[in-house]
Every structure is written in structure tokens, then in C-alpha cells.
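In full-length UniProt numbering, the protein residues as written are 1 to 278. Every residue gets a Cβ at the ideal spot worked out from N, C-alpha and C, and that includes glycine. Only a predicted model underlies this, so the values are computations on that prediction, with no experimental measurement involved. The block underneath contains the structure these notes are about, expressed in C-alpha cells.
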């Protein structure tokens, strides 16, 4: 999106002025939107322009990026697009729905609902999940794989699950640093003994395992840097494109890592259920 060209949703969301200039305090948000659209542009060859494309945006929040996707794909790139935004906040969803109606975005809808329970569609081409907190990201990834979505874009946040497992092990050690903690915690003591470092390490391992699990399910996965001023200056974005093949080595890598760290992630259980149900 270019400065100087008025975009209705950016004006109403407070990012642009009436004449298309970027509001000074929203420069970072405008940069974030364009960075996200660059990720979208890279995967355009994966989207069929000859039929309607369905995109699910889990945890859409205020929907800056949801509106940006719709505007970019429908208005600029001329895709036949349908986007469904899902979030738990009723007031936010109500406001976004009114804006979509105002702009005449007939195929942009917003619903109140939980990621884990959503069953509203049978076929989805792309799943977007930005800042779905903790294991909500995993449920969204599992949904995407279940739909056999061609593209997945995920920016995880608040990766508490593995950190809690690490923290429990450290607490059970009672500060003695002995056999109760196990060899892995002895080896990683310079990280595990400090809460902040342990938290960041857990987040990185979690996202690495998520990427590997997606590869295991037949996706070509990249781990990219995404600028996001709402949470932390730099976040990780997982971009996965369905390729249909996976190798045994990927599964072995996951097993070895989880065994070494004594980790038990819900995503592994969700994906195991899907493999068994095929």
C-alpha cells in the first residue's frame, strides 16, 4: 500500500488521514501492514485465481491486517476472495462487521468464536493466525492441517506451554541442582536457572517444533522475521505451503528433540489424532 493513496479502512482505523497521509503515530502500524502484505504477495502463485478463495483469520482482533488482506487481494489483485475473521471479543467483532458493511466488502465477515471449536466451513485455502495466545496457535494450526489448507501464516505469541513444563521441572528440583532435575536441566543450567532466558528458550523451541510438525504434515515451512509493534519489536512468522510430502527424518528430529527436553506439546497430540483419522 502506498502513502498518498487514500484507503477507506486505513482512514477509519486511524492509520491514514483523509488525503492518504500516514498519521505520524501510526507509521509503525503502516509498515507492519505492508510487511505482512509482502508475505501474502510471495504466496500468490499458490492461490487459484479461477475460483473463490477462502481465508480464515483466527484471532483477528481489531483486524488491521484482515482488512488489508481483503483490500489487497480483492480490490488490487482482483481475486475472488472470501475472508472470515474469528475472535472472542464481541465488541471488536461487531465494530469490524460494521466497517466491512460500510465498505461494501460483501465477502468479508466477522464472527465471535473460539479457534478450537470452529466448524463453520468445509474447505479453506489459507489460514492466518496472528497472536493466537499460547496453545490457541496450535489449535489453529491443527485446524489448518485438517482442512488441508494450501497456505498457513502464523505469528505465535505467549508460548507458555513448554515454559510451564520447564518451570515445573525446575521447581521440583527444590534448588539443589541434583538428580531430580535430570541431565537435560543440568546441561542447560545457564538458561534454565533464569526465568527470562528459560521463557525465551521455550518460545524458540516451541516455534521450531511447530515448524517441524508442519513439515511432518507435508508443508514446506519457513521461519521468518515479522515486525510487530503491538507485542515485541520482532516476532517470528511461520509460513507454510502445502507440498504433500514429508520425510521420516523430520519425524525423527521431532522425537529426538522432545525426548531430550522431556517436552510434551499439545500440537503433537493434535497432529497424531489427525494422522490416525486419515
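Taking 6 Å as the limit between beta carbons, can you name the residues of its chain near residue i, skipping five residues before and five after?
i	result
residue 65	36
residue 20	4, 5 and 6
residue 57	66, 85 and 128
residue 284	With the chain running from 1 to 278 in the structure shown, residue 284 is simply not present.
residue 120	none
residue 240	152, 214, 219 and 221
Using the Cα positions of residue i and residue j, report the straight-line distance between them to the nearest angstrom.
i	j	result
residue 243	residue 18	44 Å
residue 160	residue 132	12 Å
residue 143	residue 128	11 Å
residue 259	residue 62	39 Å
residue 238	residue 86	19 Å
residue 27	residue 68	15 Å
residue 199	residue 236	15 Å
residue 94	residue 251	43 Å
residue 204	residue 162	10 Å
residue 189	residue 272	32 Å
residue 96	residue 192	42 Å
residue 1	residue 194	43 Å
Would you please state the rounded distance, in angstroms, between the beta carbons of residue i and residue j? I believe it to be under 8 Å.
i	j	result
residue 72	residue 22	Not really, about 17 Å apart at Cβ, beyond 8 Å.
residue 261	residue 184	6 Å
residue 12	residue 99	6 Å
residue 155	residue 196	21 Å between Cβ atoms; not a contact.
residue 123	residue 264	Going by Cβ atoms, the distance from residue 123 to residue 264 rounds to 32 Å, so no, they are not a contact pair.
Leaving out five residues on either side along the sequence, give the residues of the same chain with a beta carbon under 8 Å from the beta carbon of residue i.
i	result
residue 53	47, 73, 79, 80, 81, 82, 125 and 126
residue 44	77
residue 254	209, 212, 213, 216 and 268
residue 249	none
Can you tell me whether DSSP reads residue i as helix, strand or coil?
i	result
residue 51	coil
residue 250	helix
residue 211	helix
residue 178	Because the pLDDT at residue 178 is just 44, under 50, the model does not fix this residue reliably, and the point stays unresolved.
residue 151	strand
residue 238	strand
residue 17	coil
residue 94	helix
residue 227	strand
residue 129	strand
residue 157	strand
Enumerate in chain order the residues of its own chain whose CB-to-CB distance from residue i is below 7 Å, with the five nearest sequence positions on each side excluded.
i	result
residue 15	22, 23, 26, 29 and 30
residue 105	70
residue 114	88
residue 33	1, 64, 65 and 68
residue 92	61 and 62
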